[in-house]
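A quick write-up on the structure given underneath.
2 protein chains.
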Amino acid sequence: MAKIRLRLVFDHAMLGPGKAELLDHIAATGSISAAGRAMGMSYKRAWSLVEDMNAAYIAPLVRSARGGSGGGGASLTETGEAVLSHYRKLESLHSQHGAAEIEALEALLQPPQSDMSEEK
Amino acid sequence: MAKIRLRLVFDHAMLGPGKAELLDHIAATGSISAAGRAMGMSYKRAWSLVEDMNAAYIAPLVRSARGGSGGGGASLTETGEAVLSHYRKLESLHSQHGAAEIEALEALLQPPQSDMSEEK
Chain A
8 MAKIRLRLVF
18 DHAMLGPGKA
28 ELLDHIAATG
38 SISAAGRAMG
48 MSYKRAWSLV
58 EDMNAAYIAP
68 LVRSARGGSG
78 GGGASLTETG
88 EAVLSHYRKL
98 ESLHSQHGAA
108 EIEALEALLQ
118 PPQSDMSEEK
Chain B
8 MAKIRLRLVF
18 DHAMLGPGKA
28 ELLDHIAATG
38 SISAAGRAMG
48 MSYKRAWSLV
58 EDMNAAYIAP
68 LVRSARGGSG
78 GGGASLTETG
88 EAVLSHYRKL
98 ESLHSQHGAA
108 EIEALEALLQ
118 PPQSDMSEEK
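Protein chains in written order, with the numbering used here: chain A, 8 to 127; chain B, 8 to 127.
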């Protein structure tokens with residue numbers, strides 16, 4: 008089933024469902040690599056998203072201690088918690104107030120195909 | 008000034024400010040290449056976005072006559088008008104109901120720098 012999700016496009020950055028989910032997993036697991044693994048994402052990719060996010064806001068969203076035998080640890084900063092919470096709130100306002108429009112758009116979407124291999 | 012815009016993420020496609028603006032320009036100019044030019048976009052890029060959009064929905068969003076000495080002509084189909092109008096409506100609901108959250112998020116964004124050249 009088609010599902011519409013929300014991405015916020017800023018001047019020099021974006022915040023969408025993937026980054027929000029990564030922040031959720033970091034808060035839950037206390038580890039960037041464990042958060043990435045939970046999403047089937049490479050360690051490198053997860054770190055790169057965290058670095059992007061840390062650079063895009065007035066303060067880092069994730070604090071982390073690289074290395075150490077335990078592999079460091081990671082958690083959301085106050086700014087990280089605020090950004091995530093604003094995003095979740097917008098997402099929920101969007102589903103709540105946009106329900107009719109979203110449903111109309113979803114009805115116009117091509118149903119997912121088993122394989123999108125017919126690429127030009 | 009930072010400005011948050013809305014991108015909708017579907018399972019196999021996306022709809023955001025760039026594509027919406029392209030559809031607007033196609034409706035206004037009657038031409039895919041003129042619409043692309045108005046946005047500083049190459050002919051190739053504009054066509055590629057239109058092809059993506061035409062493939063993503065149950066019917067094409069843009070009808071066009073390629074070639075001819077006048078360069079063909081393009082217009083939005085009924086589906087194209089419907090998709091654009093649902094997107095604009097969602098965008099407006101988003102600004103209307105999400106204003107407080109958007110303002111809070113914008114206040115947390117790094118102010119735009121003259122040059123984002125400090126890339127890692």
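Idealized CB from N, CA, C, for every residue including glycine. Note that the structure is a prediction, hence the values are computed from the model and not measured.
key: Residues in the stretch 22 to 34 of chain A having any Cβ partner in chain B nearer than 7 Å   = Gly-23, Pro-24
key: One or two residues paired with Leu-116 of chain A in a DSSP bridge   = One-based indexing of the first sequence puts residue 116 of chain A at position 109. For Leu-116 of chain A, which the question treats as bridged, DSSP gives the partners B:Tyr-64.
Neighbour list for Tyr-50 of chain A in chain B, Cβ cutoff strictly below 9 Å = Here residue 50 of chain A corresponds to residue number 43 of the first sequence, with the count starting at 1. Ordered by position in chain B, no residue passes the 9 Å Cβ test against Tyr-50 of chain A, which lies about 16 Å from the chain.
request  = Tell me, please, which residues DSSP counts as bridged to Arg-12 of chain A.
outcome  = For the purposes of this step, residue 12 of chain A is identified with residue 5 of the first sequence, where counting begins at 1. Beta-bridge pairing links Arg-12 of chain A to B:Val-16.
ask   = Between which two residues does the beta strand (DSSP E) carrying Gly-80 of chain A extend?
value = Mapped onto the first sequence, residue 80 of chain A falls at position 73. From DSSP, the beta strand (DSSP E) with Gly-80 of chain A extends over 80 to 83.
key: Rounded straight-line distance, which links the Cα of Leu-115 of chain B to that of Leu-100 of chain A   = For this step, residue 100 of chain A is matched to residue 93 along the first sequence. For this step, residue 115 of chain B is matched to residue 108 along the second sequence. Using only the alpha carbons, I get a separation of about 20 Å.
Own chain residues within Cβ distance below 8 Å of Leu-97 of chain B, not counting five before or after = Looking up residue 97 of chain B in the second sequence gives position 90. Closer than 8 Å at the Cβ level, and outside the excluded window around Leu-97 of chain B, lie Leu-13, Leu-15.
inquiry  = Using a 10 Å radius around the Cβ and a threshold of 16 neighbouring Cβ atoms, would you call Glu-108 of chain A buried or exposed?
reply    = Start at 1 with the first residue of the first sequence, and residue 108 of chain A comes out as number 101. With 16 or more Cβ atoms within 10 Å of its Cβ, Glu-108 of chain A is classed as buried.
query = Where do the N-terminal and C-terminal ends of the alpha helix (DSSP H) with Ser-40 of chain A fall, by residue?
reply = Within the first sequence, residue 40 of chain A is the residue found at index 33, counting from 1. Unbroken alpha helix (DSSP H) run through Ser-40 of chain A: 39 to 45.
inquiry  = Mapping the DSSP letters down to three states, classify Ser-49 of chain A as helix, strand or coil.
reply    = Reading the first sequence from its first residue, position 42 is the one you call residue 49 of chain A. In the structure shown, Ser-49 of chain A sits in coil (DSSP, three-state: anything other than H, G, I, E or B).
query = Any C-beta of chain B sitting closer than 7 Å to the C-beta of Ile-65 of chain A?
reply = The count along the first sequence starts at 1 and reaches residue 65 of chain A at position 58. For Ile-65 of chain A, the answer is yes, since a Cβ of chain B falls inside 7 Å of its Cβ.
message = Assuming Leu-29 of chain A and Ala-42 of chain A are in contact, meaning their beta carbons sit under 8 Å apart, how far apart are those beta carbons, in whole angstroms?
response = Taking the first residue of the first sequence as position 1, residue 29 of chain A is located at position 22. Taking the first residue of the first sequence as position 1, residue 42 of chain A is located at position 35. With a Cβ gap of about 6 Å, Leu-29 of chain A and Ala-42 of chain A count as contacting.
ask   = Just how far apart, CA to CA, sit Val-117 of chain A and Asp-31 of chain A?
value = By 1-based counting over the first sequence, the position of residue 117 of chain A is 110. By 1-based counting over the first sequence, the position of residue 31 of chain A is 24. Val is not the amino acid found at residue 117 of chain A; the sequence shown has Gln there. Taking the straight line from one Cα to the other gives about 30 Å.
query = Does the beta carbon of Glu-85 of chain A sit closer than 7 Å to a beta carbon anywhere in chain B?
reply = As a working mapping, residue 85 of chain A is identified with position 78 in the first sequence. Answer no: the Cβ-Cβ gap between Glu-85 of chain A and chain B never drops below 7 Å.
request  = Measure the CB-CB distance between Arg-70 of chain B and Thr-84 of chain B and report whether it falls below 7 Å.
outcome  = As a first step, residue 70 of chain B must be located in the second sequence, where it is residue number 63. As a first step, residue 84 of chain B must be located in the second sequence, where it is residue number 77. In this structure, Thr-84 of chain B lies closer than 7 Å to Arg-70 of chain B by Cβ.
task = To the nearest angstrom, report how far apart Pro-67 of chain A and Val-57 of chain B are at their CA atoms.
result = Locating residue 67 of chain A in the first sequence gives position 60, where the first residue counts as 1. Locating residue 57 of chain B in the second sequence gives position 50, where the first residue counts as 1. Approximately 38 Å, taken between the alpha carbons.
query = Roughly how many whole angstroms lie between the Cα atoms of Glu-63 of chain B and Trp-54 of chain B?
reply = As a first step, residue 63 of chain B must be located in the second sequence, where it is residue number 56. As a first step, residue 54 of chain B must be located in the second sequence, where it is residue number 47. Per the sequence shown, the amino acid found at residue 63 of chain B is Ala instead of Glu. Cα-Cα distance, rounded: 14 Å.
key: His-104 of chain B vs Ala-111 of chain A beta-carbon contact at 7 Å   = The residue given as residue 104 of chain B occupies position 97 in the second sequence. The residue given as residue 111 of chain A occupies position 104 in the first sequence. Taking 7 Å as the Cβ cut-off, His-104 of chain B and Ala-111 of chain A do not qualify as a contacting pair.
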